[in-house]
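At position 199 of the sequence shown (counting the first as 1) the number is 199 in the UniProt record's numbering, and the numbers step up by one without a gap.
Heads up, the beta-carbon is just placed ideally off N, CA and C, and yes, glycines get one too.
Everything below concerns the one structure shown next.
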Amino acid sequence: MTTGNAGAAQAAVLDEGVASVAAPAARRRTGLHRRQWSALLYLAPAVLLYGLFVLLPALHTFWISLFSWDGVTLASWVGFDNYRRVFTEPLLRSSVLHALVLILFFAVLPILLGLVLTAILSRHRRRGMSAFRVIFFLPQIVPLVAVGITWRWMYADDGAVNQLLRAVGLGSLTQAWLGDFDLALVAVGLVGTWTLTGLTTMLFLAGAAKIDTALFESARIDGAGAVREFFSVTLPALRGEIGVALTVTTIAALASFDVVYVTTNGAPGNTTTVPGLLVYRLAFTDGKVGLASALAICLTVLILLVVLVINTLVGGQDRR
1 MTTGNAGAAQ
11 AAVLDEGVAS
21 VAAPAARRRT
31 GLHRRQWSAL
41 LYLAPAVLLY
51 GLFVLLPALH
61 TFWISLFSWD
71 GVTLASWVGF
81 DNYRRVFTEP
91 LLRSSVLHAL
101 VLILFFAVLP
111 ILLGLVLTAI
121 LSRHRRRGMS
131 AFRVIFFLPQ
141 IVPLVAVGIT
151 WRWMYADDGA
161 VNQLLRAVGL
171 GSLTQAWLGD
181 FDLALVAVGL
191 VGTWTLTGLT
201 TMLFLAGAAK
211 IDTALFESAR
221 IDGAGAVREF
231 FSVTLPALRG
241 EIGVALTVTT
251 IAALASFDVV
261 YVTTNGAPGN
271 TTTVPGLLVY
281 RLAFTDGKVG
291 LASALAICLT
301 VLILLVVLVI
311 NTLVGGQDRR
């Protein structure tokens with residue numbers, strides 16, 4: 001009896017210990033589940049809106065791209081023939097090439113200019129810098145339609161650009177900038193350079209302000225000059241900001257529409273036609289909604305692929 005009572009007591013103590021350990025674990029699991037459900041509830045409205053206004057229209061656009069449709073009469077099934085036309089018709093292919101050329105002016109040049117300005121402004125901090133930054137960022141605040149109209153006036157025969165060239169004795173260089181087959185795309189691209197340089201500069205200045213000053217002091221102790229200091233300290237620290245700037249500006253180049261529509265509307269000929277403008281023309285002027293949808297899907301895929309490559313390259317460098 002004594003032995004039996006002792007065994008029962010030990011079993012009871014063991015059960016109590018197990019229960020005391022299991023109870024907190026169960027409470028933790030319950031709390032974790034509650035937090036997960038709370039997070040899902042917070043995400044639900046955003047996911048719902050994203051699916052309603054982004055995913056569903058994208059799927060509907062893809063469905064339309066499989067038809068030949070003018071937007072009014074009955075559509076006829078053509079399968080992937082519209083996609084074949086995107087890759088084979090010269091006008092459609094050239095519009096994509098024009099967008100790729102604009103990457104040089106919308107992305108590469110603004111980033112290079114932004115880095116140069118950051119190197120200068122971050123090293124020489126003086127009064128009035130805040131006002132300078134506001135003025136430099138103004139092109140981002142002004143609507144692109146207004147920017148395009150302003151630059152169209154400036155590029156006119158009697159516009160500010162030609163008047164400036166005549167004033168400095170370079171009248172022989174005056175051009176009908178937006179009417180020249182060789183220079184029109186460059187002229188439009190420079191509008192993008194002017195618009196986006198302020199954005200890249202502000203991004204890089206914000207990133208440079210977060211760099212530990214001890215790094216600069218160490219570089220100066222080692223005898224580094226301004227150029228070496230920039231390339232050894234500032235530039236590596238701005239890798240993340242450069243990735244963001246490259247992503248945003250590349251998307252702006254590939255998806256450009258406003259500036260091109262207002263300044264040239266694709267002229268002269270089709271030398272400044274870009275995919276965004278061509279989608280608009282095909283859908284609302286030519287009545288080729290299916291082909292326009294196919295071009296829009298291809299443009300979206302191209303943008304996603306470019307962004308994926310940029311993020312992969314920047315992310316890989318960050319991990320190293």
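Closest option to ASP182, judged by alpha-carbon separation, among ALA296, ASN270, LEU304: ASN270. Taken through DSSP and simplified to helix, strand or coil, TRP69 comes out as coil. When C-alpha distances from SER172 are compared across LEU164, LEU178, GLY179, the shortest belongs to LEU164.
In the structure shown, the three-state DSSP call for SER122 is coil. Take ALA237, set aside five residues on each side of it, and the residues of its chain with a beta-carbon closer than 6 Å to its own are ILE211, in chain order.
Excluding five sequence positions before and after ALA119, the CB atoms of its chain that fall closer than 6 Å to its own CB belong to PHE230, given in chain order. Distances from the alpha-carbon of MET202 to those of ARG93, ALA131, ALA214, THR250 put ALA131 closest. Less than 9 Å divides the Cβ of ILE297 from the Cβ of PHE62. Judged by pairs of C-beta atoms under 8 Å, the stretch 280 to 291 touches the stretch 66 to 85, as three or more such pairs exist. An exposed status is given to GLU217, since fewer than 16 other beta-carbon atoms sit within 10 Å of its beta-carbon. With a 10 Å radius around the Cβ and a threshold of 16 neighbouring Cβ atoms, GLY207 comes out buried. For SER76, the three-state secondary structure derived from DSSP is strand. Rounded to whole angstroms, the gap between the alpha carbons of ALA187 and VAL168 is 20 Å. Per DSSP, the unbroken alpha helix (DSSP H) holding GLU241 starts and ends at 239 to 254. The residues ASN270, THR273, in chain order, have a CB closer than 8 Å to that of SER94 in the same chain once the five nearest residues on each side in sequence are set aside. At a cut-off of 4 residues, the continuous stretches assigned as alpha helix (DSSP H) that sit fully inside the stretch 81 to 116 are 81 to 88, 90 to 103. Contact between GLY266 and VAL260 holds, with the beta-carbon distance rounding to 7 Å and staying under 8 Å.
The alpha-carbon separation between VAL306 and VAL227 amounts to approximately 31 Å.
When secondary structure is reduced to three states using DSSP, ALA156 falls in the coil class, being assigned neither helix nor strand.
Proximity of the stretch 81 to 94 to the stretch 244 to 257 falls short of the contact definition, fewer than three beta-carbon pairs being nearer than 8 Å.
Where ALA208 is concerned, the enclosing alpha helix (DSSP H) starts and stops at 184 to 209. DSSP places ALA214 inside the alpha helix (DSSP H), whose first and last residues are 213 to 221. The shortest CA-to-CA distance from VAL147 to any of THR263, GLY276, ILE310 is the one to THR263. By the criterion of a C-beta distance shorter than 6 Å, SER122 is surrounded in its chain by ALA208, once the five residues flanking it on both sides are discounted. ALA214 counts as exposed, since fewer than 16 other C-beta atoms from the protein chains shown sit within 10 angstroms of its C-beta. PRO110 places its beta carbon 9 Å or farther from that of THR234. In the DSSP assignment, PRO139 falls within the unbroken alpha helix (DSSP H) covering 129 to 141. In this structure, the alpha-carbon of LEU41 lies about 35 Å from that of LEU199. Judged by DSSP secondary structure, VAL260 falls within the alpha helix (DSSP H) whose first and last residues are 258 to 263. Going by C-alpha positions, LEU112 is about 26 Å away from ILE149.
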